[in-house]
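In this note's numbering, the protein residues as written are 3 to 489.
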């Protein structure tokens, strides 16, 4: 089909990302309780469809993806005969870069087995065979987590300990062939004193050539958050900075790790800390250009809430959401704070996502929605909730999209707008089509491929890098190709 398109249409910006302006949809399970509920982690594909991994008590790791109205039936992500480590505070992990998805996990018994990773290049429809990440046989490896560089290559972070479970430290293994193989790991927890906290997972945050490994240290019982810093794409880590300004000396191992995002040259990290056994969730802001650190409590002390824990952060552009759990009156609450500008921090107020008995949660943000999953001990399932968020004060003025008339050999229209992350076209029946987009010649002119679309009138929805949504309508006009020639 060759579409001959009209010259101009105007789109309306739907304001998004306002603080305390989330319209929550109903809570639903990701899967039946027979699939377990341990340590759920969530990421979005290129079309902002959520994908979730988690574990169960029987050694299985599961993957499920949103299918439009519900999640797909979970698949066992680990290879046959391999039991996977999973508990409430650590377990399988997931990363996504467009349609490339990685899932990493640790085989148990951990004393004699390895860390593996699987990749998918089609948004989680099909997964590869497992690739071994760690190469050492003289150490025990634990708690893998995964992220990607700007090209979609994975980094896997994990703990190494001696055979006697001593001398705990964190390393990073990187791949330059999209997860098919990995280089020998490099030490990332450096210059921070004694050793790392051997029960708390770490998190690597990467952006361009910058990388920061966030981990909980153990300096004679002082268990603060540190960051190992790399400026060469995580090939080596040459510096370490203390992220946490509290003096946290708990009576037992906290089993709670940090998380973070990088925006521009600034690292934003979240973690649980406090004094003695009381704990709060903190947000630290660290410039990577020069050592300038600020730290604040996300909510401050709340009467009747002795503990907050398990914070996670997700961002898109300058917008971000933090999720955590906190105890109140014998129950746990899953809480969420959002901001449309990380440079200004988060409001002290927050949304209650769910109440009951929850042990861990995760968050993802994108496409005008915020997604939360958590380990629910009442239903014994992984639970899921989606919210629509709105920005009240920031709008886009005088925004229009110029569509050039196509010549007979072209099968796309152009949008005069930079930083578009995704585009959906909606037909008269309400069916949505995820469109292929690119910037082949100009960073300000986006091409939307319409080669497979039928002629007719469509709604168009566009997401930019700051999470803003734009709506428009367009009519595709043209003649269908000669079917005999196509055959």
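For glycine and all other residues, C-beta sits at the position ideal for the given N, C-alpha and C. The model shown is predicted, which means the values in this text are computed figures rather than measured ones.
Hey, would you say residue 272 sits closer than 8 angstroms to residue 260, going by beta carbons? Going by C-beta atoms, residue 272 is nearer than 8 angstroms to residue 260.
Taking 8 angstroms as the threshold, find out whether the segment 165 to 181 comes into contact with the segment 111 to 124 through three or more Cβ pairs. yes
Does residue 1 pass the burial test, meaning 16 or more other C-beta atoms within 10 Å, or should it be called exposed? Past the boundaries of the shown model lies residue 1; the chain is included only from 3 to 489, so the question cannot be answered.
Exposure of residue 239, with buried meaning 16 or more beta-carbon neighbours within 10 Å: buried
Along the chain, where does the beta strand (DSSP E) that runs through residue 316 open and close? 310 to 318
Which same chain residues end up closer than 6 angstroms to residue 243 when comparing Cβ atoms and leaving out the 5 residues on each side of it in sequence? The beta carbon of residue 243 sits closer than 6 angstroms to those of 229, all from its chain and outside the five residues before and after it, given in chain order.
Does DSSP put residue 172 in a helix, in a strand, or in coil? Three-state DSSP puts residue 172 in a strand.
Is the beta carbon of residue 98 within less than 7 angstroms of some heavy atom of the ligand NAP? This structure simply doesn't include the ligand NAP, nor any ligand for that matter.
CA-CA distance, residue 96 and residue 475? 36 angstroms
My output table needs one value for residue 43: the three-state DSSP class, helix, strand or coil. strand
Can you give me the Cβ contacts of residue 132 inside the same chain, cut-off strictly under 6 angstroms, excluding the 5 residues immediately before and after it? 81, 118, 120
Going straight from the alpha carbon of residue 78 to that of residue 378, what length do you get? 20 angstroms
Using the three-state DSSP reduction, which class does residue 470 fall into: helix, strand or coil? coil
Among 275, 153, 207, which has the Cα closest to the Cα of residue 181? 153
Please classify residue 477: does DSSP put it in a helix, a strand, or coil? strand
Can you find at least 3 beta carbon pairs, one from the segment 451 to 467 and one from the segment 419 to 439, that sit closer than 8 angstroms? yes
Throw me the rounded Cβ distance for the residue 340 and residue 374 pair, which I believe falls under 8 angstroms. The pair is not a contact, with the Cβ atoms about 11 angstroms apart (cut-off 8 angstroms).
Endpoints, beta strand (DSSP E) assigned at residue 425: Per DSSP, the continuous beta strand (DSSP E) segment holding residue 425 begins and ends at 422 to 428.
Three-state secondary structure (DSSP) of residue 273: strand
Along the chain, where does the beta strand (DSSP E) that runs through residue 244 open and close? 241 to 244
What are the boundary residues of the beta strand (DSSP E) that includes residue 378? 371 to 378
Is it true that the CB of residue 433 sits closer than 8 angstroms to the CB of residue 365? no
DSSP-derived helix/strand/coil call for residue 410: Note that residue 410 scores a pLDDT of 49, beneath 50, so its modelled location is shaky; the value from the coordinates is reported in the next line. Here residue 410 sits in coil by DSSP.
Quick one: give me the first and last residue of the beta strand (DSSP E) that residue 121 is part of. 117 to 122
If you run the structure through DSSP and keep just helix, strand and coil, what is residue 225? coil
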